[in-house]
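Residue numbers (the numbering used here), protein chains in the order written: chain A, 17 to 150; chain B, 3 to 419. Written below as structure tokens is the structure these notes are about.
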Amino acid sequence: MLVPLARNEAAHHAAQKFGFQPSIEHEPALAMAELCLHVNHLRATQAWCAEQPVAQLILVHTQELEGIDQLVHAIHAYFPSVLISELRDGRIVDIKNDSAVVDKLTELPIVHSEDVDANELYMLLDNKPHEVEE
Amino acid sequence: MTANRHARGSYLFTGTFEHELVSSMDQPVRCVNNIFDAIGELATCSAADLIEAVVIEESIIQSNSAANIDALRRVDPTAVLVVVSEKNTHPQADANVSKNTTSAGLCAAVTNAKSQPSEKTILSEIDLDDVLGISDETKITRDSSDLGDVDLVRALMHAPIRFKEILVDLLKEQTGWTFCAILEDQTCAPETATIAPLRYGHEEHGILAAVGATADELRRWSHWAACWLDLARRQQHLKILAYQDELSGAWNRRFLKTCLTRELQIARETRRHLTVMIFDIDDFKHYNDKWGHDAGDEIIRELVKLLRSIIRKGDHVCRIGGDEFAVLFCDPEPPREPGSNHPTTIEILAKRFKEQVRLARFPKLGTEATGVLSISGGLATFPWDGMDVDSILLKADQRLLQSKRQGKNSITIGNET
């Protein structure tokens, strides 16, 4: 959790309310550093092919801090899997990754491919041409 | 050490720099615009493309330079941090250079920063005497209205931090001077003051400044004061030698026992918990045999440096054997409450340290040997695991052995690894 020092109580209340045991930082740069270490730790301790646990950063009253936009941008760039949320009106609201192209599209693109004939399909599936029964 | 580290990698420029400076660098260069990208680059760079130095424009960290530099160090304690500024210096950085520096000047600053001997704790009187419980101001209460040499001896024994103050009081009382002070240099002295150097043999102790003293009088008293100041300095030096490990700069086993005894007493009185981690380097003999004792010494020094960058203020690192270390986590958290569990912060610190060791690059082992070091450790916490020094150390030691039996490269905390 990143929270200005003067608003520390708010972070503790939120942690209690939502049942977190967060690491709390008051400086954006230190929050970024802790997040990096946490993500690297998760990666290092995770078994190969296992489901990757997601690290989360929760911003609390961070409009009072400088550089939050840059922080969010850097996390999206270096650790795109990190979930960034904000405590807003007593609820935790996710912050979308605006740098991801898919978020900017109103509708998902529909891709029309050329038709595949039976022979091509067999080649793709069985790696051999279709044998026509006579 | 320095020659090996030349192969480390690239320079990370953070901020806006002259194109000539960046383009004239011999080393590979990366450029980012803010502190968060710099942290991201440091955290994600691969072992094959390490960042040797982070060159930061002052304006980037100006809002809170201490926190920003601390953040970079947390992510990679081995990268050299250079701040480029107009006139200010940032003591937390490894080097400070001016804005009109050249690539050669920048490289020299990085090389100089790296060639500094491994960081040893600057052991101030306050630190050592406080943690060991030597300070006891009640014992320097004056017996009579006149100060005498015995008061100086008492100050040396029980309150070294107040030694200079008592020395000056004594001088004033003996001489009747209206002003008397021990100063770093004469620019701080009042215009009306007479000054004399405080010199004992080749040792300098500043200057003695006094108002109302004749030159001859001042010279005699400055000799007397310099002699006492030299004694105080030597005593401090001996105290440090007694409690510090010379190779690594960490505290030694004697310190651990003394400090742990005192900290346990405080923990009992204030209902706080206190954790000790004992760990050693897995197969350290192998490293010594393969790379030589010089490389082994380097690993010990670097390990202590790494550990110091991770622990909190108030925690202590001790080297208690060849490759055996103890960390005393003097808990700054609030007093525990009935039914509370083991603290988790220590576990995080211990695991983070284990992880940092795994990722650490030790220049003496060469670049091909990165990430080959591992440690095994055990944690014991007062009051859950023991009530006195011996039982806590024994429990931590047993858990260290448990980690070894379980295949090394692990830290045993409580009953689980």
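For each residue, glycine too, the CB sits at the ideal point set by N, CA and C.
Would THR46/B count as contacting chain A if we go by Cβ distances under 7 Å?
yes
Identity of the residues DSSP links to PHE15/B by a beta bridge:
CYS33/B and VAL57/B
Just to confirm before moving on: does the CB-CB distance between VAL132/A and LEU103/A stay below 7 Å?
no
Does LYS139/A have its Cβ less than 7 Å from a Cβ in chain B?
The sequence as given places Met at residue 139/A; Lys does not occur at that position. No, MET139/A lies away from the interface with chain B (no Cβ there is under 7 Å from its Cβ).
Note down the Cα distance separating ASP247/B from ILE280/B, rounded to an integer number of angstroms.
16 Å
Which term fits VAL77/B, buried or exposed, when burial requires 16 or more other beta carbons within 10 angstroms of its beta carbon?
buried
CB contact check: VAL82/B to chain A, cutoff 7 Å
no
Using CA coordinates, which residue listed in ARG303/B, VAL31/B and ILE41/B is at the minimum distance from ALA69/B?
ILE41/B
State the start and end residues of the unbroken beta strand (DSSP E) segment that holds THR152/B.
Sequence inspection shows Val at residue 152/B; the Thr mentioned does not correspond to that position. No beta strand (DSSP E) holds VAL152/B; the alpha helix (DSSP H) holding it covers 151-160.
By Cβ distance below 8 Å, which residues in the same chain neighbour LYS174/B in space, the five residues on each side in sequence not counted?
CYS182
Does the pairing of the segment 198-207 of chain B with the segment 222-233 of chain B give three or more beta-carbon distances under 8 Å?
yes
Residues of chain D with CB under 9 Å from ASP153/B, in chain order?
As a matter of chain content, chain D is missing from the structure shown, whose protein chains are A and B.
Validate contact between the segment 183-195 of chain B and the segment 163-173 of chain B using beta carbons, cut 8 Å, 3 pairs:
yes
Going by DSSP, what residues sit across from VAL86/B in a beta bridge?
GLU59/B and VAL99/B
Neighbour flag for GLU43/A against chain B, beta carbons, 7 Å
yes
Helix, strand or coil for THR383/B, going by three-state DSSP, please let me know.
strand
Are there 16 or more other CB atoms within 10 angstroms of the CB of MET48/A, so buried, or fewer, so exposed?
buried
Rounded to the nearest angstrom, how far is the Cβ of ASP284/B from that of SER376/B, given a contact under 8 Å?
5 Å
Return the Cβ separation of ASP460/B and PHE331/B in integer angstroms, given the expectation that the two are a contact with Cβ distance under 8 Å.
With chain B covering only 3 through 419, there is no way to say anything about residue 460/B.
Start-end ranges of the alpha helix (DSSP H) lying completely within the segment 58-104 of chain A, minimum 4 residues
84-94
Tell me PHE257/B's beta-bridge partners as DSSP assigns them.
Beta-bridge pairing links PHE257/B to no other residue.
Per-residue burial, LYS101/B [other beta carbons within 10 Å of its own, 16 or more giving buried]:
exposed
Tell me which same chain residues have a C-beta within less than 6 Å of the C-beta of GLU219/B, skipping the five on either side of it?
none
Closer than 7 Å to chain B by CB, ALA49/A:
yes
So, do the segment 50-63 of chain B and the segment 29-39 of chain A have three or more beta carbon pairs nearer to each other than 8 Å?
no
GLN86/A touches chain B at which residues, Cβ-Cβ below 9 Å?
ASN35, ASN36, ILE37, PHE38 and ASP39
Using a Cβ-Cβ distance under 7 Å, would GLU82/A count as near chain B?
yes
For ILE111/A, which of helix, strand or coil comes out of DSSP?
coil
Could you tell me the distance, in whole angstroms, from the CA atom of GLU304/B to the CA atom of PHE286/B?
14 Å
Going by Cα to Cα distance, which pick from ALA90/A, ALA22/A and PRO69/A is closest to ALA45/A?
ALA90/A
Contact check, GLY17/B vs ILE62/B, beta carbons under 7 Å:
yes
Which runs of the beta strand (DSSP E) spanning at least 3 residues fall entirely within the segment 298-329 of chain B, listed in chain order?
318-321
List the residues of chain A that GLU73/B touches, going by C-beta distances under 8 Å, in chain order.
Note on identity: in this sequence residue 73/B is Ala, with Glu being the wrong assignment. In chain order: GLU43, ALA45, LEU46, MET48 and ALA49.
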